[in-house]
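From first to last, the protein sequence lines stand for chains A, B and C.
Each step along the first sequence adds one to the number in our numbering, with nothing skipped, and position 371 is 371.
Each step along the second sequence adds one to the number in our numbering, with nothing skipped, and position 20 is 397.
Each step along the third sequence adds one to the number in our numbering, with nothing skipped, and position 157 is 611.
A virtual CB, placed ideally from N, CA and C, is assigned to each residue, including glycine.
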Amino acid sequence: MDTFAILQVTWWLLLGVLLIGLAVMVGMDMGVGTILRYVGRSDVERRVALNIIGPHWDGNQVWFILGGGAIFAAFPLIYATAFSGFYVVMLLLLWTMILRPIGFEYRSRIEHPAWRNAWDWVLLVSGAVPMIVLGAAFGNLFRGVPFHFDWDMTSYYTGSFLGLLNPFALMTGVLSLSLSVMMGSLTIMNGAEGPMYQRARGLVQVAAAAALVLFALGGIWVHALAGYQLVGSPGEGVPQTPLQQTVTLAPGAWLHNFSVDPLLWLVPLVGFAGVIGAALAARAGRSHLGWWSGALGWVGVIGTAGSALFPFMLPSSADPSMSLTLWNSSSSTLTLLWMIGFTAVFVPLILWYTSWAFWVMRGKVTPESLAGDEHAY
Amino acid sequence: MRSFLYFVLFLVIALLVTVLTAILGDEGAWYFAWLVGTTMIVLVSAAGGAMLDANEEQAAQSPPPAEPRRSGAGGAE
Amino acid sequence: MINGTVVDLSRVQFAATALYHFLFVPLTLGLSFLLAAIETVYVTTGKPIYKRMAMFWSRLFMINFALGVATGLTMEFQFGTNWSFYSSFVGDIFGAPLAIEGLMAFFMESTFVGLMVFGWDRLRKGQHLAVTWLVALGSNLSALWILVANGFMQDPRGAKFDPVTMRMHLTSFQQLIFSPDAQSKFVHTSIAGYVTGAMFVAGISAFYMLRNRHMDIAKRSFRIAVLFGVLATVGVVTLGDALGFVDAKAQPTKLAAMEGLWNSRPAPMAFNLIAFPEQAEQKDVGAVRVPMVLSLLVTHSLSGTVPGIDTLEQQAVQKIQNGIPAVEALKVLAHDPQDAAALAQFNAHRADLGYGFLVQRYAPHLSEVTPAQIERAAKDTIPPVAAVFWSFRFMVGLGLLMMAFFVLATLYSLRNRIQKKRWFLKVAVWMIPVPFLANEAGWLVAELGRQPWTVYGVLPTWMSASTHSVGYMVFSLIGFVTLYSIFIAIEMYLMIRAIRLGPSEPGGDGAAGTWPPPTLAPRPVPAVPYGGNVEG
Numbered sequence: 001m002d003t004f005a006i007l008q009v010t011w012w013l014l015l016g017v018l019l020i021g022l023a024v025m026v027g028m029d030m031g032v033g034t035i036l037r038y039v040g041r042s043d044v045e046r047r048v049a050l051n052i053i054g055p056h057w058d059g060n061q062v063w064f065i066l067g068g069g070a071i072f073a074a075f076p077l078i079y080a081t082a083f084s085g086f087y088v089v090m091l092l093l094l095w096t097m098i099l100r101p102i103g104f105e106y107r108s109r110i111e112h113p114a115w116r117n118a119w120d121w122v123l124l125v126s127g128a129v130p131m132i133v134l135g136a137a138f139g140n141l142f143r144g145v146p147f148h149f150d151w152d153m154t155s156y157y158t159g160s161f162l163g164l165l166n167p168f169a170l171m172t173g174v175l176s177l178s179l180s181v182m183m184g185s186l187t188i189m190n191g192a193e194g195p196m197y198q199r200a201r202g203l204v205q206v207a208a209a210a211a212l213v214l215f216a217l218g219g220i221w222v223h224a225l226a227g228y229q230l231v232g233s234p235g236e237g238v239p240q241t242p243l244q245q246t247v248t249l250a251p252g253a254w255l256h257n258f259s260v261d262p263l264l265w266l267v268p269l270v271g272f273a274g275v276i277g278a279a280l281a282a283r284a285g286r287s288h289l290g291w292w293s294g295a296l297g298w299v300g301v302i303g304t305a306g307s308a309l310f311p312f313m314l315p316s317s318a319d320p321s322m323s324l325t326l327w328n329s330s331s332s333t334l335t336l337l338w339m340i341g342f343t344a345v346f347v348p349l350i351l352w353y354t355s356w357a358f359w360v361m362r363g364k365v366t367p368e369s370l371a372g373d374e375h376a377y
Numbered sequence: 378m379r380s381f382l383y384f385v386l387f388l389v390i391a392l393l394v395t396v397l398t399a400i401l402g403d404e405g406a407w408y409f410a411w412l413v414g415t416t417m418i419v420l421v422s423a424a425g426g427a428m429l430d431a432n433e434e435q436a437a438q439s440p441p442p443a444e445p446r447r448s449g450a451g452g453a454e
Numbered sequence: 455m456i457n458g459t460v461v462d463l464s465r466v467q468f469a470a471t472a473l474y475h476f477l478f479v480p481l482t483l484g485l486s487f488l489l490a491a492i493e494t495v496y497v498t499t500g501k502p503i504y505k506r507m508a509m510f511w512s513r514l515f516m517i518n519f520a521l522g523v524a525t526g527l528t529m530e531f532q533f534g535t536n537w538s539f540y541s542s543f544v545g546d547i548f549g550a551p552l553a554i555e556g557l558m559a560f561f562m563e564s565t566f567v568g569l570m571v572f573g574w575d576r577l578r579k580g581q582h583l584a585v586t587w588l589v590a591l592g593s594n595l596s597a598l599w600i601l602v603a604n605g606f607m608q609d610p611r612g613a614k615f616d617p618v619t620m621r622m623h624l625t626s627f628q629q630l631i632f633s634p635d636a637q638s639k640f641v642h643t644s645i646a647g648y649v650t651g652a653m654f655v656a657g658i659s660a661f662y663m664l665r666n667r668h669m670d671i672a673k674r675s676f677r678i679a680v681l682f683g684v685l686a687t688v689g690v691v692t693l694g695d696a697l698g699f700v701d702a703k704a705q706p707t708k709l710a711a712m713e714g715l716w717n718s719r720p721a722p723m724a725f726n727l728i729a730f731p732e733q734a735e736q737k738d739v740g741a742v743r744v745p746m747v748l749s750l751l752v753t754h755s756l757s758g759t760v761p762g763i764d765t766l767e768q769q770a771v772q773k774i775q776n777g778i779p780a781v782e783a784l785k786v787l788a789h790d791p792q793d794a795a796a797l798a799q800f801n802a803h804r805a806d807l808g809y810g811f812l813v814q815r816y817a818p819h820l821s822e823v824t825p826a827q828i829e830r831a832a833k834d835t836i837p838p839v840a841a842v843f844w845s846f847r848f849m850v851g852l853g854l855l856m857m858a859f860f861v862l863a864t865l866y867s868l869r870n871r872i873q874k875k876r877w878f879l880k881v882a883v884w885m886i887p888v889p890f891l892a893n894e895a896g897w898l899v900a901e902l903g904r905q906p907w908t909v910y911g912v913l914p915t916w917m918s919a920s921t922h923s924v925g926y927m928v929f930s931l932i933g934f935v936t937l938y939s940i941f942i943a944i945e946m947y948l949m950i951r952a953i954r955l956g957p958s959e960p961g962g963d964g965a966a967g968t969w970p971p972p973t974l975a976p977r978p979v980p981a982v983p984y985g986g987n988v989e990g
């Protein structure tokens, strides 16, 4: 492989890392939003839940923004084609996502119960909908997305909004929702005491069970789906457009990578082990261990999707040969190189100061600690 | 009237500074200028706040002067 | 083919969401450094009043910040959702600063803002001060990378078109980030944010002084804000001039529109103080001119000239004619990247590829292009003159007004007479919207003045939009307008409410004491609620 191909694969992996960061960090906050009305039965309890993630949701949300920015910089064609193709879904995602910062910041500023109740519903919607949309987007990659290109690479999307809500995509959407609920519950366990802790502990079991079933179901279902296979292309690491390759469809082809390299089966195994570990640790009352195990579960689930799709990033169902792969949609050598430099410096820095922020704010949030705190949400 | 004259004087100074920096900065190293400028703006304004405190403490220690117009004491009426 | 209505609706949506986002961003840029200034005084002098000040202003900061973050999400994704051709065409260059913005700046800002709000009791004084400084630095670095990206749209440097992948490639990262447009625009915008923050703090402090509430906090905040503001206005005008100087070289059409310069004239050129540009007739209806000033302003010499619109249109005709063969060669290369003749033809004409794209709007089949179509495309290269001309004058006028305000405010504040100048305090309250209006006008000058290009001279706006249906665009536009209207109503309500409530007072002076801070020692100085002023 030459430099360009190595850079492309590196960026494909880095994108995976960023997506996992997004799923773990944003997913946990979204999970807290989703279960807010369940684990918090009174206003004080809900405020406890919000203040557990209060100091961190803002920083965590940047994983989402960074994910968008990184796709833009490293795979501009994917960013352009996917975001415009998924237009209505993207709007749904955006509109629910932009409610979140406002919900966190404004909810507790007025004491009126109707005001707070309304924002609690907003937080529920803005927690659950984005996770379903993100999961469904992944599911649609396995189904292919109806788009094609003009000679000058203008992209046209020929599907409908409802086409994106097919059963397989809905299943992956619920899978991602259940993982986020699991992580949100573990986060509540980490930061709350008493009845809230107990409710969250119960939820971890339910969400983990749902995730395990759906993940296994996805593995079986994918056998029946038509998978994409790259049969002819200008080559790896060769500058090209998506107009110069040949792609065929075959049932079960998404498992092709696993049969070529059986070691890849370890990845879904990590997914199962992580989720099971999270449930067991929660039951044993070791919620911090459970959180890390749940994060490992996310690594396994997203890693499985990536291993199956490689080298495809956005398969086209309208014209499979125009599918986007990491070979035909990446940025140039120079951009990828510079971006790796920045990533290598700043991602460790981000991890370092994020950990510091969590360390500073460590410990349990209690109703008493909120009463005397004028900064609390 | 006095205030007005001061106002005009300071306004002229501000405009003069602007013109001078504009001439100096045809192809300026603006990123560097931003660093220096921002630090300066923050520190000068912080010093202004601290100065107000110093004035008030001084005024609190000595009785207010006879002519409040000329005093440096904060808010003595 | 691309639908003109969709392009127009996409532009309306982008402008609406960007202008809206830009209501909140400048305040964040400025207020964050004002918080840093206030907290610096707190840490160096140890006086608890500055802690209460910092806490109060940070409460208002957060109300504004939430909306800045929320609407920023839209901006990050809108390039992909609505400008997909643009995104794939220049993503190689434009995407990098956006990603670096996340990595270097936005992460820092957002992580530390949580600690800034929640960390008062958990961090040592010095640590908390460092956190506040990092929030300010982070938000301004964020602006830096966004404006590096914008600088590329204004003056594309460090990139060239690659006929193999059919999109632009980065050729020099250094040229991208040190582009003169990016440099001067970043500093201009960041400091415009400082002016906004200063006016906000000064105006609200004046509001309290008028009502004799929170005098100790109001006087100090006012002092810090006006010093901050007076220095910042000098900076903002200086950098505005630098930006004009840079644009005169990089974007002659924008400059001509800003100045209503229909005809080229010999040096030294007069400056249109007031004029009424007529786009259709290509002339100014009535103008008040100041001799020689234009040459001085934009070239910093009496002998310098800038081309008028008549000259620029003639140049555009030549560029369009030169660009047409480049587009035609590109069509061949799209199907066969190895075609040597097409590659040679492309390389000979590549400099004006964008102008070839421009005329494609009127002549989809370039082999049949008519002189009338070329003429029409050349007329398109001139942005809407009256709008740019007046936005520019509006911005500059407000900028100079603010400079005068801050000079006088500094004078009064330094002589400790501000609380007696009730007329001036009233003016100060009314000045609060002024910087926001100036910011919006500045955005219009920069982005409207760049039309008809998304990337100046390289990619026309009409090609850049996604190929959505009109129905989708109407749907999303209605959605954004509805959501954003609700947001601004809530934001204004909470902001005004928080201002009316005021800072927490240990003695219960003025404000409703909804948050008695138990951690603060009672202040030794008694506070009298109304009437006699016993400061000091």
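Residue i to residue j span [Cα, whole Å]
| i | j | result |
| --- | --- | --- |
| A/Gly27 | A/Pro268 | 19 Å |
| A/Leu324 | A/Pro242 | 6 Å |
| A/Leu255 | A/His223 | 7 Å |
| C/Phe543 | C/Trp716 | 33 Å |
| A/Arg107 | A/Pro113 | 10 Å |
| C/Leu527 | A/Ser126 | 14 Å |
| C/Ala826 | A/Leu314 | 42 Å |
| A/Arg362 | A/Arg201 | 19 Å |
| C/Glu563 | A/Trp221 | 43 Å |
| C/Arg576 | A/Pro55 | 12 Å |
N- and C-terminal bounds of the beta strand (DSSP E) containing residue i
| i | result |
| --- | --- |
| C/Asn457 | Careful: C/Asn457 lies outside any beta strand (DSSP E) and carries neither H nor E. |
| C/Lys639 | Segment 634–664 is the alpha helix (DSSP H) holding C/Lys639; no beta strand (DSSP E) there. |
| C/Val742 | 737–744 |
| A/Tyr38 | No beta strand (DSSP E) contains A/Tyr38, which is instead part of the alpha helix (DSSP H) from 27–39. |
| A/Tyr157 | 155–157 |
| A/Met313 | 312–314 |
Where the alpha helix (DSSP H) through residue i begins and ends
| i | result |
| --- | --- |
| C/Ile728 | Per DSSP, C/Ile728 belongs to no alpha helix (DSSP H); it is in the beta strand (DSSP E), 725–732. |
| B/Thr415 | 407–438 |
| A/Gly227 | From DSSP, A/Gly227 is part of no alpha helix (DSSP H) but of the beta strand (DSSP E) over 226–232. |
| C/Lys773 | 763–789 |
| C/Trp587 | 579–608 |
| C/Trp877 | 876–884 |
| A/Phe104 | 87–107 |
| C/Val868 | Correcting the residue identity first, residue 868 of chain C is Leu in this sequence and not Val. Residues 839–868. |
Integer-rounded CB distance, given that residue j should sit under 8 Å from residue i
| i | j | result |
| --- | --- | --- |
| A/Phe161 | A/Thr81 | The Cβ separation is near 16 Å, so there is no contact. |
| C/Asp670 | C/Ile517 | At roughly 23 Å, the Cβ-Cβ gap does not stay under 8 Å, so C/Asp670 and C/Ile517 are not in contact. |
Cβ-Cβ distance between residue i and residue j below 8 Å
| i | j | result |
| --- | --- | --- |
| C/Gly925 | A/Gly69 | no |
| A/Gly16 | A/Gly303 | yes |
| C/Gly647 | C/Leu483 | yes |
| A/Phe75 | A/Ser329 | yes |
| C/Tyr809 | C/Pro610 | no |
| A/Thr246 | A/Gly218 | no |
| C/Pro617 | C/Leu812 | no |
Next on the checklist: Under 8 Å, CB to CB, which of the residues in the segment 340–352 of chain A have a partner in chain E?
Outcome noted: In summary, chain E is missing from the structure at hand, where the protein chains are A, B and C.
Item to check | Secondary structure, beta strand (DSSP E): runs of 3+ residues fully inside the segment 239–301 of chain A | outcome: 246–251
Item to check | Ordered list of alpha helix (DSSP H) runs contained in the segment 887–951 of chain C, each at least 4 residues | outcome: 887–902, 915–918
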